Amino acid sequence: MDRDAGCGAPLVGRERESGVLERAWGRVGAEGPGVLLVRGDAGLGKSRLVAEFAAGLGPRARVLRGGCLDMGPDNLPFGPFVTVLRRLSRDLGTSATAALLPSGGRRGLARLLPELGEPFPEGDPDLGRARLFEEVLILLERAAEERPLLLILEDLHWADRSTCELLAFLARNLDQPGVLVLATHRPLAPHADAPFAAIPALLARLANTEALDLAPLARPDVARQLADLIGHTPDPRHLERVFRRSEGNPLFVEALAGTDAETPAPLTELLLAEVRSIPDPGRRVLRAAAVAGTTLGHAFLRSVAELDEVALEDALRPVIDARLLVAVGDGYAFRHTLIRDAVYGDLLPGERIRLHARCAHVLAADPALAFEGRAAAELAAHWYAAGDRARAFTAAWHAAAAAGTAYAYAERLAMSQRVLDLWDAVPDPAGELGTDRIGVLELAADAAVHGGAAGRAEELLTAALRDLDPGRDPERTARVLASRAAARERTGRDALPDLERAVRLAPADRAMSTRGRLLASLADTLASRGRDRVAREHAREALRLGEAVADGSIRARALTTSAMLTARTGDLAPAVELYEQAARIARAEGCDDDLLAAIAGRADALQAAGEHRAAAEVARRGVATARSLGLARSRGTLLAANLAEPLVALGRWTEAVEILTDAIALDPPPVYWAWLCIVRAEAAAAGGAHDVAAAALRDARTALGPPHTQETCLEPDVLACRLGYARGDLAEAHRVLDHILTEHDLTRSRRYAWPVLVVAWRVQRIRHAQAVRDPAGRAAIEAQLAELLALSRELPTPGRVQHAHRCTFEAESGTGSWADAVAAWRAIEQPYALADALLGGAAAALAAGDRDLATEYAREGSTLAGRLGAHPLHAHFEQLARRGRLNLTPTPSPVAPAPADARSRLGLTAREFEVLALVAQGLGNRPIAEHLFISVKTAGTHVSNILAKLAVTSRTEAAALAHRLDLFAPEAP
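Residue numbers 20 to 992, in the numbering used here, belong to the letters of the sequence shown in order.
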């Protein structure tokens, strides 16, 4: 913090560390943003090192500082970031700050920066928190475009959980050059009971993060520091004593400089020695300051010390001269927290209680005296430390509300828990708060579930249900049951019983809104489990109730579920209309999550129906919408998976992988991350990158946790089975198949049943061929094949994609023709599946003696496989051609396709050609990234590759060359 910037003695012994900071700063402009963690024990000079470095940057950087306080659970949520962001807003100006943010920051950042205006209401806390984080990122990156930013975050070993989560988010997602986050902290064991304890190891895995450990000063450096402090070269014996006693700690060297270093007193006593040499008024001010906090304003200190201006100045002068306190802006700070700790620890118990109570009274009278909006958190801390349970109770409630406004769930939970702990110590707690104990339990549970502690949320809600009488208050009981269902779903437990009981309890005559929301949730849950008929009934009833109470969210959710159920029947047109209707309602009502859910559902329905190009276009618009709403890293990443999936089906694997990689780098929620990994695994498996596919599949399963629904389990299982088959691991493929066929009712799966049957038949056919000397084994496999045939007669075939899978199964099993399978896949423009069907058709034609048809199929299929880069599939065609002596000469090489156009002549990939077209239009990296739904860093990499391939040195030269070659001439009318 600023408190060390004004130290009189020069900084010594930190030349190496200063060089590390300088080099890190140099990289953020040339290579991209970075995070540097400066770790060292108390007193080693972390703050001094950082302050000297920041001062040396001068006008080269915009320096923003924020620090954490040692307040335990009473810490201000996002404390150092609140300080940083408010200073940045003051520096830029409120209007300029708002202009940099979507909706002027009122959808997210206004919760931390009140000057941006009243925050817009947010129905979904998860999305609200995601939007808040996104807007912090946007503000920092856009401010850095004007002048590079140095963010200094001090004393993170005391950081609250929300601060740690925001820091981790920024470290993963900062993409714009010109931002360096410089964070100081004391060493913590990885499993210490502090939110920051796990952060260094987490950030160490990121390429943009570096750690710097401060070691104690060596003996020559202690000699230099001591000479500066005492004004002459120290006596060798005195130097030796100071070096031995201080162990190279600069703060302790200062404390020992003017003393008899042989004194066996503890170092705390040495720090207090100078305090005790201060006149009594100064000591009283120091004691008041130690209770008030590490950093405090002048007016606050004057009120707590109960002195007038002149008396306070007289008392402070010797304290400032001794550098026990230093001036910071319009207030003061302890030069080092160890000094504050020593003074605080030296207080008498009664003195400490009295001063905490005085601080609380002062802040209660004038909350503006607290730094950077810390009033609620500090009041809660001071009343609690003062032992005033009644006031601590009320203050904790207000602090919980303030934390909730900022989406600081861990801190909200801690304050809510304190309210519960103090409940019985207050005469009329419900009257004091305006809510009963059940209401507090609900609030605490809401904070827990959104803060990642779903198990704790379930415990709190179970306690609330014990206090509820369903007979007297059925509606409230239903709401608590619904909340517990949501918590149980996040822990992988079955939420359906709670939801069904909640619907039974919710009165149909007087709780229409509650019942409508419950029915919408129940319909969605039942639909995900394949119970379509009852799900459709509940969705219809939810829609009716939503219309009756004019609730747009209920209507949009019910319509989205109805659309999904309609799409499953293969009736695409009415399903699309229902999705569009849900989106219109959600957009009109400002229900952002419902809007994006409807868009994602529509894209998914189009993809399932084989309308891949339409699905990709809908998903592209959805990603853009999510970005405009500040939700690129939450729902936007799910829509990125919706975009990548049809691109994979269309054979545009490179483009899909690029989108997936960038979306995964945004650190999405676990479920969305899992779907991104699954689509990534599908693309990798098709291209023959089996190890990559297996790793992505493992990551997806880890993120998904216990499967909640049949489809959640089936999708990774089908992929695992295909992967085992592709790798020749028939034992693994058979194990997964046995699990699928034993544990799942495939007649209820509209999307994965036919793909399961196709891969099952292929695996069993090969196993049957291998069991030539095992009659019993062959008979068992034949029985399983007969079961697959029987099952195929029970399965519905909704839509063109499922029809194509069915034709493939029938061709494999000999009950249909490969010509039908080829025609079905050709009709839906799915080149990999078409090539796979052509391989089967070519093999069957060759076996039947039709060499012409075999050659025709093999040539087309091998050409497709080559263009796709589907190397294993292409190898199968070559193997078939060698075995059947088929001529594949017209097929171009998959490794070096013949140049056919300007793009290939220039050596550019299809993606680079797209980027060049945008460069030729004068677009920079950020607009290019937004246009192509990739990161700014990825766009920059493409531009660098283009410049190298075109042998030009600038974007201007590249654009000029493109225009000179007439690469992007408009089409003639």
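C-beta: ideal position from N, C-alpha, C; glycine also. Computed from a predicted structure; not experimentally measured.
Could you give the distance in angstroms between the alpha-carbon of residue i and the alpha-carbon of residue j?
i      : j      : result
ARG238 : THR113 : 50 Å
MET90  : ALA395 : 13 Å
GLU672 : ARG699 : It is worth fixing the name first, because residue 672 is Trp in this sequence and not Glu. Rounded to the nearest angstrom, the two C-alpha atoms are 9 Å apart.
PRO337 : VAL438 : 42 Å
LYS65  : THR481 : 47 Å
GLU164 : SER572 : 38 Å
ARG720 : ARG983 : 51 Å
GLY406 : ASP93  : 15 Å
THR228 : GLY85  : 19 Å
ALA376 : ASP212 : 28 Å
ASP333 : ASP327 : 10 Å
THR761 : ARG770 : 18 Å
GLY369 : ALA404 : 11 Å
HIS355 : GLU608 : 52 Å
ALA483 : ARG548 : 29 Å
Run through DSSP, which three-state label would residue i get?
i      : result
VAL347 : strand
PHE353 : strand
HIS204 : strand
ALA705 : helix
ALA805 : helix
PRO989 : Confidence at PRO989 is low in this model, with a pLDDT of 49, below 50, so its placement is unreliable and the value that follows should be read with caution. Here PRO989 sits in coil by DSSP.
ARG84  : strand
ILE171 : strand
ARG166 : coil
LEU236 : coil
ALA230 : strand
THR314 : strand
VAL57  : strand
LEU30  : coil
LEU119 : coil
LEU270 : helix
Short check: CB of residue i to CB of residue j, under 8 Å?
i      : j      : result
ALA341 : ILE372 : no
LEU63  : ALA230 : no
PRO167 : ALA70  : no
VAL522 : GLU461 : no
ALA463 : SER435 : yes
VAL934 : HIS890 : no
ALA958 : ALA948 : yes
ARG306 : LEU366 : yes
ARG536 : ALA527 : no
LEU742 : LEU716 : yes
TRP844 : GLY859 : no
LEU658 : ALA675 : no
GLY127 : GLY649 : yes
LEU207 : PHE215 : yes
LEU562 : ALA577 : yes
GLU831 : VAL775 : no
Using the Cβ count rule (16 or more neighbours within 10 Å means buried), how would you classify residue i?
i      : result
GLY75  : exposed
PRO235 : buried
HIS251 : exposed
ASP447 : exposed
THR766 : exposed
SER912 : Because the pLDDT at SER912 is just 42, under 50, the model does not fix this residue reliably, and the point stays unresolved.
GLY511 : exposed
ALA978 : buried
So residue i packs on residue j, CB below 8 Å; how close in whole Å?
i      : j      : result
LEU193 : PRO96  : Rounded, the Cβ-Cβ distance is 21 Å, inconsistent with contact.
ALA418 : ALA399 : 4 Å
ALA190 : VAL54  : 5 Å
LEU135 : LEU107 : In fact, because the Cβ distance is near 12 Å, the residues do not count as touching under 8 Å.
GLU273 : LEU248 : 6 Å
LEU389 : TRP402 : The question names Leu, but residue 389 is Ala in the sequence shown. ALA389 to TRP402, Cβ: 14 Å. No contact.
LEU814 : ALA862 : Not really, about 25 Å apart at Cβ, beyond 8 Å.
LEU865 : ALA873 : 4 Å
Checking contacts by CB at 8 Å: is residue i closer than that to chain C?
i      : result
ARG321 : No chain C is present in this structure, which holds just one protein chain.
Is residue i near the ligand ZN, with its Cβ less than 7 Å from a heavy atom?
i      : result
GLU325 : Within the structure as shown, the ligand ZN is missing, as the structure has no ligands at all.
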